């Protein structure tokens, strides 16, 4: 019985998956409308691994991918900078394709002044 409860507890802590078997990871951030947010996927670094913006943010000055081969072996970064006068909520959905495994990253953004 203890083993079953332990297994159920571990399963409840894993990432959620949708019906297609894609893991969904949600990140909540809060930034000022004068700041930018950068996220680095250290495990998306080869030609066979890609990232795609599935749902673009609505209130952005900058919302795109970049890589830095000088420091991270071409790993993928994402940067979000809100419109300079925007205050409120925004979000972006990013699909990572990593060696046969897909992950949907939902980034919820709270923009403050």
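Numbering (this note's numbering), first residue to last: 68 to 180.
Backbone N, C-alpha and C define an ideal beta-carbon position, used for all residues, glycine too.
Just so you know, these numbers come straight off a predicted model, no measurement behind them.
- With contacts defined by Cβ atoms closer than 9 Å, residue 132 and residue 114 do not form a contacting pair.
- Distance from the CA atom of residue 91 to the CA atom of residue 168, rounded to whole angstroms, is 12 Å.
- If one requires a minimum length of 3 residues, the beta strand (DSSP E) runs lying completely within the stretch 96 to 176 are 104 to 108, 117 to 122, 127 to 134, 143 to 149 and 155 to 165, in chain order.
- Cβ contact annotation for residue 122 (same chain, cutoff 7 Å, sequence separation greater than five): 159 and 160, in chain order.
- When the five nearest sequence neighbours on each side are left out, the beta carbons in the same chain lying within less than 6 Å of the beta carbon of residue 171 are those of 89, 91 and 162, in order along the chain.
- With a cutoff of 9 Å on beta-carbon distance, residue 143 and residue 94 are scored as not near each other.
- A Cβ-Cβ separation of about 6 Å places residue 98 in contact with residue 178 under the 8 Å criterion.
- For residue 176, the number of other beta carbons within 10 angstroms of its own is at least 16, and it is reported as buried.
- Going by C-alpha positions, residue 164 is about 5 Å away from residue 116.
- According to DSSP, residue pairing for residue 178 in a beta bridge involves 98 and 155.
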